[in-house]
Amino acid sequence: MIRILRDFICIVGLLSVSPFLLFAAIAIIIEDGMPVFFIQERVGKNKSIFKIIKIRTLKIEAPNTGTHQLEHKHHLICGKIIRKLKLDEFPQLINVLKGDINLIGPRPGLVSQVHLTKSRNVKGIYEIKPGITGLSQVLGFDMSDPVKLAEIDKIYILKKSFFIDFLILISTFIPYSKHLLTNLIK
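In terms of the numbering used here, the sequence shown opens at residue 20 and continues consecutively.
Structure representation (structure tokens):
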């Protein structure tokens, strides 16, 4: 039942945002050419490697590293808007449909983020599938502090429920609701 609901959400999500994704694709092509999609290897459940699909928001020549480590010169002008609206994340719904990731869970790290992989391995984070959005992201943590990120991811695993996942999903789009999560995870 949950899988049917998840797949339904993914299909409706992709169909709903497809006009906006088309505009994003046109903007990327005008500003920096092809390709529109960005495919990158990430670490998934049981440390398996999978290819994540995103809308490209960086210039083609940008180094293959975490976006928090990049200078602004590597960001597309339209990419800033695409990121702000979270349009770059929607192609990951394809990864959800393929079974690589879930809607909610710890964000999958880059293969090159060795410190993050070690911190998460110690905390048992790789026992579950990663997600498009997660507790760490809605609380404002990013990949720049791997130890703290792994700690928050572990709290998510311990508190995981349909209700928590629902709150994370809502908080992804309505940032003002994250105070509910903060109170629940204490």
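All C-beta atoms in this analysis are idealised placements derived from N, C-alpha and C, irrespective of residue type, glycine included. Computed from a prediction, not measured in an experiment: that's the story for all the values here.
| message | Out of D119, L158 and S190, which one is the CA nearest neighbour of Q59? | response | If you number the sequence shown from 1, residue 59 lands on position 40. The residue with the shortest Cα to Cα distance from Q59 is D119.
| field | Runs of alpha helix (DSSP H) wholly within the segment 118 to 151 (minimum 4 residues, chain order) | value | 133 to 142
| query | Can you tell me whether N114 is buried or exposed, with buried defined as 16 or more other CB within 10 angstroms of its CB? | reply | Reading the sequence shown from its first residue, position 95 is the one you call residue 114. Buried, because 16 or more other Cβ atoms sit within 10 Å of the Cβ of N114.
| Do D172 and K142 have their C-beta atoms within less than 9 Å of each other? | Mapped onto the sequence shown, residue 172 falls at position 153. Mapped onto the sequence shown, residue 142 falls at position 123. Against a cut-off of 9 Å, the Cβ pair of K142 and D172 comes out as a contact.
| request: Could you pull the start and end residues of the beta strand (DSSP E) that I74 belongs to? | output: Taking the first residue of the sequence shown as 1, we reach residue 74 at position 55. Element bounds for I74: I68 to I74.
| task | Tell me whether I23 is buried or exposed, calling it buried when 16 or more other Cβ atoms sit within 10 Å of its Cβ. | result | Translated into the one-based positions of the sequence shown, residue 23 becomes position 4. I23 comes out exposed.
| message | Let me check understanding here. Comparing Cα to Cα, which of D161, S131 and L122 lies closest to K179? | response | To locate residue 179, count along the sequence shown from 1; it is residue 160. Cα-wise, what sits closest to K179 is L122.
| said: Taking the straight line between their C-alpha atoms, what separation do you get for G63 and T201? | reply: As a position in the sequence shown, residue 63 is number 44, starting the count at 1. As a position in the sequence shown, residue 201 is number 182, starting the count at 1. The alpha-carbon atoms of G63 and T201 are separated by roughly 26 Å.
| query | Got a sec? Which residues, its chain only, sit under 8 Å from G52 by beta carbon, not counting five neighbours each side? | reply | To locate residue 52, count along the sequence shown from 1; it is residue 33. Counting only Cβ-Cβ distances below 8 Å, and skipping sequence neighbours, we find I79.
| query | What did DSSP end up calling I79 once you bin it into helix, strand or coil? | reply | Walking along the sequence shown from the start, residue 79 turns up at place 60. The answer is coil: DSSP assigns I79 none of H, G, I, E or B.
| query | Going straight from the alpha carbon of S35 to that of F42, what length do you get? | reply | On the sequence shown, residue 35 is found 16 positions in, with the first residue counted as 1. On the sequence shown, residue 42 is found 23 positions in, with the first residue counted as 1. In a straight line, the C-alpha of S35 is about 13 Å away from that of F42.
| task | Note down the Cα distance separating R25 from G124, rounded to an integer number of angstroms. | result | Sequence index remark: in the sequence shown, residue 25 carries index 6 (1-based). Sequence index remark: in the sequence shown, residue 124 carries index 105 (1-based). Roughly 13 Å separates the two Cα atoms.
| task | Quickly, what does DSSP pair H94 with across the bridge? List them, please. | result | Along the sequence shown, one-based indexing puts residue 94 at 75. In the DSSP output, where bridge partners are listed per residue, H94 has L77.
| Residue environment, S190, which counts as buried when at least 16 other CB atoms sit within 10 Å | Position 171 of the sequence shown, counted from the start, is the residue given in the question as residue 190. S190 should be labelled buried.
| request: Quick one: measure Cβ to Cβ for I187 and L154, integer angstroms, because I've assumed they're closer than 8 Å. | output: For the purposes of this step, residue 187 is identified with residue 168 of the sequence shown, where counting begins at 1. For the purposes of this step, residue 154 is identified with residue 135 of the sequence shown, where counting begins at 1. With a Cβ gap of about 6 Å, I187 and L154 count as contacting.
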